[in-house]
Amino acid sequence: MFLSIILFLFIFTLIALAHEGGHFVAAKRAGIKVNEFGIGFGPKIWSKEINGTTYSISLIPILAYVSVAGMDEVKGIDDALIPEDQKYFAKPPFQRFKMAFMGPAMNILLAFITLSLVFGFIGVPRGLSSYIDQVQPNSIAEKAGLKHMDKIISINGKEIIKMEEAITTIHNNNNKELELKIQRGNEFITIKATPKYNQQIKAAVLGFTPLSIYEKVNPLQAIYYGAQQTIAMIMLMFIILEKLLTGAVSVRDLAGPVGIAQITGRYASSGYLSFLQFFAFLNVNIGFLNLLPLPALDGGHIVFATIEMITRRRVKETIQKRIHQWGLIALLTLMAIVTLNDILRWLRN
């Protein structure tokens, strides 16, 4: 669990750096004063001012943040001393739109780059082999004795030609003992295991990941498949959102920091390929959620900027800030509920 927490904090710091970096670049290009670009929280262990912006690293180097003039109140900085034309609300609505949009856009771009590199160096998955890749820790498969690179020859005497056949058989035999004939190197062994129902995938499982077959592709193809997979992840987020709005998925099913830390550990133990794909999906997740038109999120700022572009009238700054404050309270409340559900799930398991 400790390693899972460390990995979770590390990848979320990378995600936050990409996100805040997008806001930072957009603000600088728009001529908005950036008071500070920092990594971590707690007492500062290093800081340097360059061109009016303080760059800092704090004692606990986790996550990142950007402080923008006119948007954030910063201790030790008198907003009245900053020229009005360098403040967030002094800029045209389209520039404020771009600044809010660039954070989520950088997360989605990072997902695209990650997936393109994965496809470029490893190849594109073209199906499953009959070999086992990863065996999940403490799973039925591990307890039964299945290992990495075991080849499934037959189940209950029925020959297995494709891994899909083995998966279907396992899925359809909840609480029924199966006899698996395995080839391990030059040795043939028989293993007995009883699949158990998995609530998340709605089927019986043993707890192993098949070895995928990969096809090498050229750089342009890797970019194409990276874009295709990124779009597929975005569409998946729309499906999840629809299920939340229609009640098909409950808030209790959502994962907060504790749940994501556990999932991070599981993907890390499944190999670097699964971990990188999970990292890409987290980036898409963060980017998508921040674009939702809700107060306190980037999408909320985009809504106000869009209203101003269309109507030529600005919602009062004080009203905008108050709405975002209430939105932040609601968001933190939701996060607390989701985190509590994470902890209760962890204790039950």
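Quick note: UniProt numbering has the sequence shown finishing at residue 349, numbered continuously throughout.
Ideal placement from N, C-alpha and C gives every residue a C-beta, glycine not left out.
If we define contact as Cβ-Cβ less than 9 Å, is Asp-133 a contact residue for chain B? In summary, chain B is missing from the structure at hand, where a single protein chain is found.
**OP:** For the alpha helix (DSSP H) containing Ala-111, list its first residue and its last residue.
**Re:** 93–122
Contacts around Glu-215, its chain only, beta-carbon distance under 6 Å, and the 5 residues preceding and following it disregarded: Gly-123, Val-124, Arg-126
Open item on the list: On the CB-based measure, 16 or more other CB atoms within 10 Å of its CB, does Gly-31 come out buried or exposed?
Closed with: exposed
- Query: If we count the other Cβ atoms within 10 Å of its Cβ and call it buried at 16 or more, is Gln-199 buried or exposed?
  - Reply: exposed
- [ ] State the Cα-Cα distance for the pair Ile-189 and Ser-274, rounded to the nearest angstrom.
- [x] 29 Å
Item checked: Beta-bridge pairing of Ile-60 - partner residues as DSSP gives them -> Phe-41
Checklist entry - Going straight from the alpha carbon of Asp-85 to that of Val-68, what length do you get? => result 13 Å
Problem - Contact check, Phe-121 vs Gly-226, beta carbons under 9 Å - result: no
Straight-line gap, Thr-311 to Phe-37 (C-alpha atoms, nearest Å): 33 Å
Hey, out of Leu-328, Thr-169, Ala-144, Thr-306, whose CA is closest to Gln-95's CA?
Thr-306
Considering Cα atoms alone, identify which of Gln-320, Tyr-267, Glu-187, Pro-43 is closest to Ile-11. Tyr-267
| query | What does a CB cutoff of less than 8 Å around Leu-17 pick up in its chain, not counting 5 residues either side in sequence? | reply | Ile-39, Ala-64
**Message:** Counting C-beta neighbours from all protein chains within 10 Å, is the total for Gly-207 16 or more, i.e. buried, or is it exposed?
**Reply:** buried
Handout entry: Assigned secondary structure, Pro-219 (DSSP; H/G/I helix, E/B strand, else coil)
Key = helix
Which value, in whole angstroms, describes the spacing of the CA atoms of Arg-184 and Asp-133?
-> 13 Å
- In its own chain, which residues sit with a C-beta less than 6 Å from the C-beta of Pro-43, not counting the 5 before and 5 after it? Leu-59
Exercise for the section: Alpha carbon to alpha carbon, how far is Met-237 from Met-99? Give it in angstroms, no decimals. Expected result: 23 Å
query: Candidates Asn-186, Lys-192, Asn-172: which alpha carbon is nearest Ala-203's?
result: Asn-172
Problem - Nearest-angstrom Cα separation, counted from Gly-247 out to Ala-141 - result: 34 Å
Q: Could you tell me which of Gln-228, Asn-285, Tyr-224, Gln-221 sits nearest to Ile-240, measuring between CA atoms?
A: Asn-285
- Item | Option in Thr-209, Asn-186, Gly-145 with minimal Cα separation from Glu-164 | Thr-209
Please report the straight-line C-alpha distance between Lys-196 and Ala-280, rounded to a whole angstrom. 30 Å
Spatial distance of Thr-54 from His-324 (CA atoms): 25 Å
Distance check for Gln-277 and Leu-7, CA to CA, integer angstroms please. 14 Å
**Asked** Three-state secondary structure (DSSP) at Glu-242?
**Response** helix
*Using DSSP with H/G/I as helix, E/B as strand and the rest coil, what is Gly-76?*
Unreliable positioning characterises Gly-76 in this predicted model, as indicated by a pLDDT of 49, which lies under 50. The coordinate reading is nonetheless provided below. Residue state, collapsed to three classes: coil.
### Query
Which word fits Gly-76, buried or exposed, when buried means at least 16 other C-beta atoms lie within 10 angstroms of its C-beta?
In this prediction, Gly-76 has a pLDDT of 49, which is less than 50 and means its spatial position is unreliable; what the coordinates show is noted afterwards. When all chains shown are included, Gly-76 counts as exposed.
Notebook entry, point to check: Can you name the residues that DSSP bridges to Phe-208?
Noted result: Val-135
For the alpha helix (DSSP H) holding Leu-282, just list the boundary residues, first then last.
272–291
Could you tell me the boundaries of the alpha helix (DSSP H) in which Ala-69 lies? Element bounds for Ala-69: n/a, residue is neither H nor E.
Proximity winner among Asn-51, Ala-105, Gly-327, relative to Ala-26 (alpha-carbon distances) = Ala-105
(Q) Short of 7 Å in beta carbon distance, which residues of its chain neighbour Glu-177, apart from the five on each side in sequence? Order them along the chain. (A) Lys-192, Thr-194
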